[in-house]
Amino acid sequence: MLGTIYYGWWVVLACFVISLLMGGITFFSFTAFFEPIQREFGWSYTQISLATSLRGLEMGIFAPIVGSLSIDSAPGN
């Protein structure tokens with residue numbers, strides 16, 4: 007049964023698992039780092055939250071651009 011599954015679906019599964027793990031680490035566990043960042047740099051919670059929000063905004067703006075570039079540069083296009 008495992009040998010009959012198309013190889014591309016294994017790649018899709020691996021990418022899904024990696025995205026799930028990275029999404030959880032990046033978005034949901036970042037608050038665990040607030041106090042260490044505050045102690046290290048002396049920043050307020052507002053400054054740390056602003057930096058995190060700017061990172062999310064930047065990812066939202068550039069994701070379509072990067073996606074478009076990766077599709078255009080794919081072999082066969």
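Taking the numbering used here as reference, the numbering of the sequence shown is continuous, increasing by one, and the terminal residue is 83. Cβ atoms here follow ideal geometry from the backbone N, Cα and C, with glycine treated the same way.
- In the structure shown, Y51 adopts helical secondary structure according to DSSP, grouped into three states.
- In this structure, S35 sits away from Q44, with a CB-CB distance that is not shorter than 9 Å.
- If you check the CB distance, I54 and F40 come in under 9 Å.
- Distance from the CA atom of L75 to the CA atom of W15, rounded to whole angstroms, is 23 Å.
- Boundaries of the alpha helix (DSSP H) around S25: 13-29.
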